[in-house]
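Asker:
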Amino acid sequence: MSDPTSPIGWGIQLAKLWTSSGQTFPVRVKDIALEVTKARFPEPVGCVIPHGISGIDGMLSKRQKKKDWCISYDETVTVPGRINFTIAHELGHFLLHRQQRDTFQCGQLQMLEYDSPESRRIEAQANTFASYLLMPRNDFDAQVDGHELSFELLGHCAERYETSLTATALKWLEFTTEAAMLVVADHDEFICWTYCSQAARRIGAYKPPGEMLPAGVLEEIRSKALDARKFRRVAPGVWHPSEEAIESVIVSDQFEQMIFLVRFPFALSVDHEEEPESDAFSDLAEKIQGLR
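Under full-length UniProt numbering, residues 1 to 292 are what the sequence shown spells out, in order.
1) Check this for me: beta carbons of Gly22 and Leu34, under 9 Å apart or not?
2) Please name the residue in Ile53, Ala245 and Met258 whose C-alpha comes closest to that of Ala267.
3) Are the segment 226-242 and the segment 186-193 touching by the rule of at least three beta carbon pairs closer than 8 Å?
4) Using 8 Å as the Cβ pair cut-off and three pairs as the minimum, do the segment 202-215 and the segment 172-182 touch?
5) Buried or exposed: where does Leu218 fall if 16 or more other Cβ atoms within 10 Å of its Cβ makes it buried?
6) Closer than 7 Å by C-beta to Lys66: which residues in its own chain qualify, once you throw out the five before and the five after it? Chain order, please.
7) Using three-state DSSP, classify Thr168 as helix, strand or coil.
8) Would you check if there are 3 or more beta carbon pairs closer than 8 Å linking the segment 132-139 to the segment 2-20?
9) For Pro214, count the other beta carbons within 10 Å of its own beta carbon; 16 or more makes it buried, fewer makes it exposed. Which is it?
10) Out of Glu43, Arg160, Gly155 and Ala167, which has the shortest C-alpha to C-alpha gap to Arg82?
11) Hey, Leu133 and His93: beta-carbon distance below 9 Å or not?
12) With a floor of 3 residues, list each beta strand (DSSP E) that falls wholly inside the segment 10-91, ordered by position along the chain.
13) Let me know the secondary structure DSSP gives Ala235 once reduced to three states.
14) On the DSSP bridge list, what partners appear for Cys106?
15) Please name the residue or residues paired with Asp186 in a DSSP beta bridge.
16) Does the segment 70-85 come close enough to the segment 118-125 that 3 or more CB-CB pairs lie under 8 Å?
17) Identify the continuous beta strand (DSSP E) that holds Ser248 and give its terminal residues.
18) Once the 5 residues before and after Gly216 are set aside, which same chain residues still bring their CB inside 6 Å of it?
19) How many whole angstroms separate the CB atoms of Pro7 and Leu91, which I take to be in contact at a CB cut-off of 8 Å?
20) Can you tell which of Pro117, Ile49 and Glu43 has the C-alpha that lies nearest to the C-alpha of Asp31?
21) Among residues of its own chain, excluding the 5 on either side of Gly210, which ones have a beta-carbon nearer than 8 Å to its beta-carbon?
22) For the candidate residues Lys16, Arg98, Thr76 and Val144, whose alpha-carbon lies nearest to that of Ile53?
23) Residue range of the beta strand (DSSP E) that Ile191 falls in?
24) Report the residue from Gly107, Trp172, Ser248 and Thr128 whose alpha carbon sits nearest the alpha carbon of Val144.
25) Let me check understanding here. Comparing Cα to Cα, which of Thr86, Ile87, Glu118 and Gly107 lies closest to Arg101?
26) Shortest alpha-carbon distance to Phe85 belongs to which of Leu154, Arg232, Gly155 and Phe129?
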């Protein structure tokens with residue numbers, strides 16, 4: 001079996017290796033990191049251990065004396081699924097970038113917004129690899145096909161793959177044919193970032209960072225208790241100038257954020273020039289600080 005050269009190629013190959021061996025989800029990234037690299041590389045990943053360093057989600061370090069590599073992670077992280085994604089992210093650095101340097105330190109900031117374009121590129125690649133390893137497209141399709149997309153359904157997928165709700169939602173937006181977007185706002189009611197599916201981009205759906213949440217949305221969230229299981233039909237002019245939307249929202253008290261899932265199921269497709277293919281984790285690396 002030849003080694004892939006891209007983050008997507010590596011993610012797909014290792015996910016297939018995991019499922020074809022009869023294993024179930026979630027993918028145990030630690031096992032893959034130790035066993036696969038031992039079989040394929042002269043200087044493999046020799047250990048995957050907690051490091052107890054606050055502010056550093058994950059690290060990949062070369063151990064010169066042992067002639068191998070160590071993946072370590074912050075075991076105190078409380079966000080469900082974040083540790084699994086972090087280990088996968090560091091494995092991505094090993095597979096794709098270990099020839100470039102001997103140490104990688106990845107915190108919330110570094111994962112998506114390093115200072116240099118090159119650092120942003122390799123962080124985005126590690127995120128992309130992790131998403132394809134942990135959330136294989138064919139299995140994700142099997143979980144969501146025939147169901148109306150909701151935070152509850154995305155939560156089921158997040159539990160299955162041991163990933164965060166945000167990472168899971170971004171993966172769905174990456175491949176869905178539905179016009180939909182994820183909008184994250186702070187508790188001051190300003191938008192932090194938006195990520196749109198390709199179909200949503202084609203109808204011009206987008207809310208820029210720094211903009212206030214729409215007035216119709218603010219009235220609703222101030223007057224009612226929010227329930228992620230409930231949908232709200234929203235008139236044109238709120239989330240989109242001319243399209244009706246279906247909205248649901250959850251509140252993250254830990255990160256002081258509101259996360260909106262906005263779908264445009266009644267939108268008619270509009271012919272545009274073909275857009276270059278991209279993935280959510282690569283694109284979002286240019287826009288936000290903090291993913292998992």
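Heads up, the beta-carbon is just placed ideally off N, CA and C, and yes, glycines get one too.
Answerer: So, to answer that:
1) As a position in the sequence shown, residue 22 is number 22, starting the count at 1. As a position in the sequence shown, residue 34 is number 34, starting the count at 1. A distance of 9 Å or more separates the beta carbons of Gly22 and Leu34.
2) For this step, residue 267 is matched to residue 267 along the sequence shown. Looking at Ile53, Ala245 and Met258, the one whose alpha-carbon comes closest to that of Ala267 is Ala245.
3) no
4) Touching, per the Cβ criterion.
5) Along the sequence shown, one-based indexing puts residue 218 at 218. Exposed: under 16 other Cβ atoms inside 10 Å.
6) Numbered from 1 along the sequence shown, position 66 holds the residue referred to as residue 66. Around Lys66: Gly46.
7) Taking the sequence shown and counting its residues from 1, the one referred to as residue 168 is at position 168. In the structure shown, Thr168 sits in a helix (DSSP, three-state: H, G or I).
8) yes
9) As a first step, residue 214 must be located in the sequence shown, where it is residue number 214. Its Cβ being crowded by 16 or more others within 10 Å, Pro214 is buried.
10) Taking the sequence shown and counting its residues from 1, one reaches residue 82 at position 82. Taking only the C-alpha atoms, the option nearest Arg82 is Ala167.
11) Your numbering for residue 133 matches position 133 in the sequence shown. Your numbering for residue 93 matches position 93 in the sequence shown. Contact: no.
12) 45-50, 58-63 and 68-73
13) As a first step, residue 235 is located in the sequence shown; it is residue number 235 there, counting from the start. Ala235 falls in the coil class under three-state DSSP.
14) Residue mapping note: residue 106 aligns to position 106 of the sequence shown, counting from 1. Gly58.
15) Here residue 186 refers to the residue found at position 186 when the sequence shown is read from its first residue. Answer is Gln257, bridged to Asp186.
16) no
17) The count along the sequence shown starts at 1 and reaches residue 248 at position 248. It spans Ala245 to Ser252 - the beta strand (DSSP E) in which Ser248 sits, taken as one unbroken run.
18) Taking the first residue of the sequence shown as 1, we reach residue 216 at position 216. Answer for Gly216: Val238, listed in chain order.
19) Walking along the sequence shown from the start, residue 7 turns up at place 7. Walking along the sequence shown from the start, residue 91 turns up at place 91. Contact check for Pro7 and Leu91: beta-carbon distance about 11 Å, past the 8 Å limit, so the pair fails to qualify.
20) Start at 1 with the first residue of the sequence shown, and residue 31 comes out as number 31. For Asp31, the nearest C-alpha among the options comes from Ile49.
21) Numbered from its first residue, the sequence shown carries residue 210 at position 210. Here the set comprises Phe190 and Ile191.
22) By one-based count along the sequence shown, residue 53 stands at place 53. Looking at the Cα atoms, Thr76 is the closest of the given residues.
23) The residue given as residue 191 occupies position 191 in the sequence shown. Segment Ile191 to Cys196, the beta strand (DSSP E) holding Ile191.
24) Within the sequence shown, residue 144 is the residue found at index 144, counting from 1. If we check each option's Cα against that of Val144, Trp172 comes out closest.
25) Here residue 101 corresponds to residue number 101 of the sequence shown, with the count starting at 1. Measuring from the Cα of Arg101, the nearest candidate turns out to be Glu118.
26) Start at 1 with the first residue of the sequence shown, and residue 85 comes out as number 85. It is Phe129.
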